[in-house]
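In the working numbering, the protein residues as written are 175 to 438.
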Amino acid sequence: MPNIGLVLGGSVFVSLYGVLGWRIGCFVMAFIVLSLTASMLFYNQENREVFPVSPQELRPGLLNALRRGEIWCGIVLTIMYEMSGRLVQGLTGPFLIDQSISLNAVGVFNGIGGVVSGLCGTIAGGMMVSRAGAKNAMYMIAICHAVLLAVIFSSIKLHFLSTPILFSLFVCEATLMASSFVASYSRFMILTSPYQPGIDFTLFQSTSAIAAAILGVTGSVMAEKIGYDKVFLFSVLLSIENIVLMSLINYFIGKYNYVIMYLY
């Protein structure tokens with residue numbers, strides 16, 4: 175449901191705003207939100223299955239997660255791995271509008287392009303993880319992402335800004351972002367404890383959400399101050415740096431796993 179809302183908010187609302195205006199667009203989106211959440215009224219909590227927990231079992235807790243070194247490695251890896259992509263992810267719409275592309279076209283692009291890139295990226299990421307493993311898949315996707323960001327920067331700098339080229343580049347960038355989520359989440363699931371996988375994985379997801387919010391605002395402010403081209407150049411440099419730092423973090427993760435295996 176959150177992904178459907180993301181697609182609708184980035185495509186349908188933009189098109190409605192461009193054609194019908196802000197007020198009608200908000201009313202239509204409010205009706206869609208109410209319609210999509212109406213199914214929750216039919217949920218019967220009494221039919222929920224309850225599993226008994228014995229007192230001898232370990233009690234999951236946030237502090238238990240924060241005491242483990244591999245969790246902190248995963249948190250740092252989350253921020254670093256998504257930093258370059260999150261920095262420029264929110265610039266797609268504003269950049270297209272600044273290139274005199276209509277709001278309606280941007281809305282259609284966000285909708286169709288978002289669905290296509292999400293599906294293709296998820297499938298491609300899953301295939302890479304199954305064949306090469308999560309860690310190697312993260313390396314391969316990070317390298318491809320750095321190359322693509324360099325191509326986008328070169329396209330902006332050399333003024334190769336035709337609509338088909340821009341749409342193709344941004345769809346490819348969104349596809350790589352989707353693939354990176356599959357690979358990184360697969361990697362993070364390996365780092366979770368079997369006694370509290372939900373808490374551990376929620377920490378990684380919360381870190382990703384906080385990083386997305388902060389980096390999205392940062393990218394927008396940077397684009398206003400120094401321009402789109404320099405933001406993409408900075409993102410390329412971050413991508414290259416992150417590939418190097420990923421090796422260091424994976425070394426520490428392997429070290430923690432070795433210590434745990436030795437103790438137990």
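Every residue gets a Cβ at the ideal spot worked out from N, C-alpha and C, and that includes glycine.
Is the beta carbon of residue i sitting closer than 7 Å to the one on residue j?
| i | j | result |
| --- | --- | --- |
| residue 419 | residue 254 | yes |
| residue 385 | residue 299 | no |
| residue 266 | residue 201 | no |
| residue 388 | residue 234 | no |
| residue 244 | residue 400 | no |
| residue 195 | residue 390 | no |
Counting C-beta neighbours from all protein chains within 10 Å, is the total for residue i 16 or more, i.e. buried, or is it exposed?
| i | result |
| --- | --- |
| residue 333 | exposed |
| residue 198 | exposed |
| residue 260 | buried |
| residue 409 | buried |
| residue 280 | buried |
| residue 284 | buried |
| residue 444 | Residue 444 lies beyond the stretch modelled for the chain, which goes from 175 to 438, so this question has no answer here. |
| residue 295 | buried |
| residue 312 | buried |
| residue 308 | buried |
| residue 439 | Here the chain comprises residues numbered 175 to 438, so residue 439 is not present and cannot be evaluated. |
| residue 413 | buried |
| residue 251 | buried |
Of the choices the options, whose alpha-carbon is the least far from that of residue i?
| i | options | result |
| --- | --- | --- |
| residue 316 | 327, 207, 204 and 349 | 349 |
| residue 288 | 248, 340 and 352 | 352 |
| residue 242 | 365, 359 and 205 | 365 |
| residue 360 | 269, 274 and 301 | 301 |
| residue 376 | 195, 249 and 308 | 249 |
| residue 239 | 210, 311 and 370 | 370 |
| residue 367 | 203, 209 and 237 | 237 |
| residue 190 | 252, 318, 276 and 268 | 276 |
Just confirm the distance between the C-beta atoms of residue i and residue j, as a whole number of angstroms; I'd bet it's less than 8 Å.
| i | j | result |
| --- | --- | --- |
| residue 406 | residue 326 | 5 Å |
| residue 256 | residue 382 | 6 Å |
| residue 378 | residue 355 | Not really, about 11 Å apart at Cβ, beyond 8 Å. |
| residue 258 | residue 340 | Not really, about 19 Å apart at Cβ, beyond 8 Å. |
Can you tell me the Cα-Cα spacing of residue i and residue j, whole angstroms?
| i | j | result |
| --- | --- | --- |
| residue 246 | residue 321 | 28 Å |
| residue 305 | residue 402 | 36 Å |
| residue 336 | residue 212 | 43 Å |
| residue 193 | residue 416 | 42 Å |
| residue 424 | residue 314 | 15 Å |
| residue 329 | residue 342 | 12 Å |
| residue 269 | residue 210 | 31 Å |
| residue 220 | residue 292 | In this prediction, residue 220 has a pLDDT of 47, which is less than 50 and means its spatial position is unreliable; what the coordinates show is noted afterwards. Each residue's Cα considered, the two are about 36 Å apart. |
For the ligand NAP, I want to know if residue i counts as a neighbour, meaning its beta carbon is within less than 6 Å of at least one of the ligand's heavy atoms.
| i | result |
| --- | --- |
| residue 404 | Of ligands this structure carries none, so the ligand NAP is not represented either. |
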